[in-house]
Every structure is written in C-alpha cells, then in structure tokens.
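Asks: Pasting a structure below so you can have a look.
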Amino acid sequence: ATPTALLVGTGRGAQMGVLIKGPEVLESTRRVDTIVLDKTGTVTTGKMTLTDVIPAAGVDRAELLRLAGGLEDYSEHPIAQAIATGATAEVGELPTPESFENIEGKGVTGVVDGHTVLAGRESLLAEWSQCLDDDLKTAKQAAESQGKTAIAVGWDGAACGVLVVSDQIKLTSAEAIRQFRELGLTPVLLTGDNQAVAEQVAAEAGIEQVIAEVLPKDKVDVITRLQAEGKAVAMVGDGVNDAPALAQADLGLAMGTGTDVAIEAADITLVRGDLRAAADAIRLSRRTLGTIK
Ligand code: ADP
Ligand code: MG
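Structure follows, in structure tokens:
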C-alpha cells in the first residue's frame, strides 16, 4: 500500500469536513454493513424547546413551571435546558433546589421550595408510585404521536403535570439516510427516548429499524449484540453516553458539534455535525482504498 494515497484520502477528508483518525480506519469503512444512529443531536438538531405545559387538575401552571424549571436548571440535558429556559421566560426567576440528583437516562429528582420533585419518564414516576391520570396520559400520547417528547412531573407523592418539549429532525438527515442505503448500509435508530417518539423521527428520516428506550449504559450492548449477529457496525453519535458504543463499533463516527468524550472515542469526526458527511467519509475512504489496491 502506498502511504501517499492514504494521505490524499485523509487530506481530502479534511476539506470535506471529515477528520479521519488514521489510515487503519479506511479498512473498516469497507466492511461495515449496518449504521446505528443516535437520535438526539445526531439525526435531530438536539435543540429542544418547551412547547406545551399541561398541569394536572387542581395544579397551578406557574407552580408546575417553577418547581420543574428550578430542578431542571441544574441538569445539562437538552430536555432540561429547554424546560428551564421556557419556564424562566414565563414565570421569571426560578427557585434554587436544596438538593439535586440525576437519574441517568430516566430523569431528575430533588427538593425545590420544600417539595420533593421528580421530572422524567413516565416509568420513573411510576417507580415512585406517581401515576399519570387519564387526562395527563392522553396529553402525553397526543404529544408523542407528533414526535414530541413528554416529560412527566410530580411532587409530594403525586403526578402534577406533563411538559412537552420538541426537537427537530435536521434538514439533511433524510438525504444522508438515502445515501447510506446507496452505500449498502442498513440504518438503525438508537435512542433512550420512548418508542412512539423514536418511530415518528424514524419515519421522517426514512429509517425502518428502531431500538428505543435504551438506557445510556446499555447502548454499547446494542452494538455488541448486532456484532454477535454477524453485522459489521458503524455508529454515529454525539453525547457522552454514546462514547462506549462509538468505541465498540467497527467504525465510530462522532458529530463535531457533540461532546469531546464522543469525539475521542470515535475513528472519524464529522466537523459540521451534518450526517451527510458520514456518507461522504465512507464513500471517500472506500475509494481511497480502491486506488491503493
Ligand atoms: P437520547 O438517547 O435520545 O440522547 P437520553 O438517554 O439522554 O436520550 O434520555 C432518555 C430519556 O430520559 C429522555 O427522553 C427523557 O424522557 C428522560 N430524561 C433524561 N434526562 C432527563 C431530564 N434531565 N429531565 C427530564 N427527563 C429526562
Ligand atoms: Mg444524543
């Protein structure tokens, strides 16, 4: 193999906004047949906004926003930031929690204004015996059928409302997925978000296979399982919780707009956070290999 061809390959890559870690990466691009895509921040923009506030019967809307907003202000999750920003815009300054705990992949809890507040997945509230009533369940399902994410909020032992945040699919994602198929790659959407939201996003992006409601620590196991089934797996992600999966994948690609931990774990960085660059990277690498052989 002539090292010059590899250098040309990686140099052209840099021009296209693709950083390839080393020449050994090129070989993996030829083997991969499956491409696993993280949802939030990879297929979608990850920029969420608070779109609906649904208090339970007898619960004050401003109180719901103050308690949930105060708590979420302490979380760095994109969902949390959307809730805190939306709450501040409506009710002004938020109370500072007396305690705060992040429940990885499920939500957050803490004491705000003397109330023990919980915000996150419906199943998290259920674990604390806080069940959504029929009206809240209906509101949650309506939001999810539109591809939005509904966060359940409860305090003092009862479910008190639902907050709806929405993220948007990137304009370039559907085109990127079409290109993956052209390259012979089967796309799979992987997310911690619920099945309904995941399916809606997958439909918009043109992805048929969905693996949803996966806890952050279990993302890597999904990659291992696909590999055990004989698949050669590329994975594209952006978050801290994607790093182990990116490292386990036969080919790891990180969004340059994502976290440093993900970038370090990956073989390829997509500088602009545009999923089409993943297709460019694979096409270019395969072509580069072709000129060497
Ligand atoms: P993804 O895999 O799409 O990046 P995560 O694994 O980070 O998603 O989160 C999974 C789910 O856990 C979210 O969709 C949400 O329901 C819940 N969740 C996580 N963090 C929070 C938070 N700070 N506030 C409310 N809900 C949360
Ligand atoms: Mg993510």
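Numbering of the sequence shown is given in the UniProt record's numbering, commencing with residue 433 and proceeding in unit increments. Every residue gets a Cβ at the ideal spot worked out from N, C-alpha and C, and that includes glycine.
1) Since I believe LEU469 is in contact with LEU683 (beta carbons under 8 Å), could you give me their beta-carbon distance rounded to a whole number of angstroms?
2) Taking just the CA atoms, how far does THR474 sit from ILE695?
3) Using DSSP with H/G/I as helix, E/B as strand and the rest coil, what is GLY688?
4) Going residue by residue through the region 588 to 621, where are the continuous beta strand (DSSP E) segments of at least 3 residues, counting only ones entirely within it?
5) Does the distance from the CB of ALA591 to the CB of ALA584 come in under 8 Å?
6) Closer than 8 Å is the cut-off here; do at least three beta carbon pairs connect the region 493 to 506 with the region 538 to 546?
7) With DSSP as the reference, identify every bridge partner of ASP470, one or two as the case may be.
8) Kindly list the residues whose CB is nearer than 8 Å to the CB of PRO527, restricted to its own chain and excluding five residues on each side of it in sequence; keep chain order.
9) Going by beta-carbon coordinates alone, are ASP465 and GLY616 separated by less than 8 Å?
10) By a C-beta neighbour count over all protein chains shown, 10 Å radius and 16 as the cutoff for buried, is THR649 buried or exposed?
11) What do you get for ALA446, buried or exposed, if any count of 16 or more other CB atoms within 10 angstroms of its CB means buried?
12) Whose C-alpha, out of ASP653, LEU721, LEU685, is nearest the C-alpha of residue 726?
13) Can you tell me which of the three DSSP states residue 378 falls into?
Replies: Taking the structure as given:
1) Indexing the sequence shown from 1 puts residue 683 at position 251. Indexing the sequence shown from 1 puts residue 469 at position 37. No, LEU683 and LEU469 are not in contact; Cβ-Cβ is about 13 Å, not under 8 Å.
2) Mapped onto the sequence shown, residue 695 falls at position 263. Mapped onto the sequence shown, residue 474 falls at position 42. Each residue's Cα considered, the two are about 13 Å apart.
3) For the purposes of this step, residue 688 is taken as residue 256 along the sequence shown, with counting starting at 1. It is coil, neither helix nor strand.
4) 590 to 598
5) The sequence position of residue 591 within the sequence shown is 159, counting from 1. The sequence position of residue 584 within the sequence shown is 152, counting from 1. In contact: ALA591 and ALA584 (Cβ atoms closer than 8 Å).
6) yes
7) To locate residue 470, count along the sequence shown from 1; it is residue 38. DSSP output for ASP470 lists LEU622 as bridge partner(s).
8) Looking up residue 527 in the sequence shown gives position 95. Taken in chain order, the residues that qualify are ARG498, LEU499, GLY502, VAL544, ASP545.
9) Position 33 of the sequence shown holds residue 465. Position 184 of the sequence shown holds residue 616. A contact, by the Cβ cut-off of 8 Å.
10) Within the sequence shown, the letter at position 217 stands for residue 649. Per the sequence shown, the amino acid found at residue 649 is Lys instead of Thr. The residue is exposed, with fewer than 16 neighbouring Cβ atoms inside 10 Å.
11) Locating residue 446 in the sequence shown gives position 14, counting from the first residue. Looking at its Cβ environment, which holds fewer than 16 other Cβ atoms inside 10 Å, ALA446 is exposed.
12) Beyond the ends of the chain as shown, which are 433 and 725, falls residue 726; an answer cannot be given.
13) With the chain represented from 433 up to 725, any question about residue 378 goes unanswered, as that position is not in the structure.
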